[in-house]
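Here's the structure we're looking at; comments come further down.
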Amino acid sequence: MEINYNQCGGKRMIFDYENKVIQVKIVFYGPAMSGKTTSMKFLFNYFNKSENMHSIESSMGRTLFFDFGVLEFKGSVWDLKLLVYSATGQDFYASTRPATLRGVDGIIFVMDSQKEHLQRNVQSWRELKLFFGENFHDMPIVATLNKYDKENISKITQSDILSKLNHKTSKPLNFIKTEAINGKGILETFQLLIQLIFPELILEKTI
Ligand SMILES: Nc1nc2c(ncn2[C@@H]2O[C@H](COP(=O)(O)OP(=O)(O)O)[C@@H](O)[C@H]2O)c(=O)[nH]1
Ligand SMILES: [Mg+2]
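-13 is the number of the first residue of the sequence shown in this note's numbering; add one for each residue after it.
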């Protein structure tokens, strides 16, 4: 099998020419308890692939190292194989985060939209930026303001967070309000990320 590694600003898509498969790595990243595992579970359920998702959890149901799963889509010429991870947000396991991010092609940055969590979101973003350095500005990213369903709670707005993130890139950062608990906004987030990674791609169906 012939495999090419396409290094592009830290990205590493794998093109398998023989089987016409493009392999891409996507990571859900963000502070602990922001909703990464819940978002990923919704996605796998949506595509009827929940049996493909594996989590390494503590007895408290929290992600120890990462969640991992594979989603495959049929394309007209090439098929797409997505390796999906969620990095642990728990600081005790922070040393596993760079390994989860290695070779990533696109990131969904999951924030807790409750105002009291603003600083934790910003901290997580800064850490993410540090891992990539110069390569950060061409990384496809969609940021979610999750838990938007929570009522009677003061929420972070896009302008609150933008002023803190200091994200100086040619392309504006995309924000989507999500409710991972019922799936609202999750598919939109996923589709937008795929579009940022492959501007020309049309996905047909999962395989
Ligand atoms: N109300 C509400 N709760 C959420 C939402 N997303 C996640 N949660 C809850 O927040 C907690 C942490 O979620 P989890 O996905 O484990 O966070 P992770 O640490 O980022 O993987 C769990 O109790 C979830 O049920 C959401 O959109 N709305
Ligand atoms: Mg988790």
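Note that the Cβ used here is the ideal one computed from N, Cα and C, for glycine as well.
Note that the structure is predicted; figures quoted are calculated from it, not measured.
- Cβ contact annotation for V7 (same chain, cutoff 6 angstroms, sequence separation greater than five): D65 and K67, in chain order.
- Cβ atoms of K11 and G89 come within 8 angstroms of each other, at about 6 angstroms.
- Per DSSP, the continuous alpha helix (DSSP H) segment holding K27 begins and ends at K22 to Y32.
- In the DSSP assignment, S72 falls within the unbroken beta strand (DSSP E) covering D65 to A73.
- At the C-beta level, T74 and F95 stay beyond 8 angstroms of one another.
- DSSP places H153 in the coil class of the three-state scheme, outside both helix and strand.
- In the same chain as S36, and ignoring 5 residues on each side of it, the C-beta atoms closer than 6 angstroms to its own belong to F30, in chain order.
- If you check the C-beta of T23 against ligand 2, you find a heavy atom less than 7 angstroms away.
- Three or more beta-carbon pairs separated by less than 8 angstroms are not found between the segment 139 to 155 and the segment 167 to 182, which leaves the two stretches without contact.
- Taking a contact as a CB-CB distance under 8 angstroms, the pair S25 and N132 counts as one, their CB atoms being some 7 angstroms apart.
- Annotated as distal: L159 and I183, with beta-carbon spacing of 8 angstroms or more.
- By the neighbour-count criterion, in which a residue is buried when 16 or more other Cβ atoms sit within 10 angstroms of its Cβ, I42 is exposed.
- For A129, the enclosing beta strand (DSSP E) begins and ends at I127 to N132.
- When C-alpha distances from I167 are compared across I93, T23, I0 and S62, the shortest belongs to T23.
- DSSP places S41 in the strand class (E or B) of the three-state scheme.
- Taking 8 angstroms as the cut-off, the beta carbon of S110 is found no closer than this to the beta carbon of I142.
- Note that the C-beta distance between D91 and R(-2) is below 8 angstroms.
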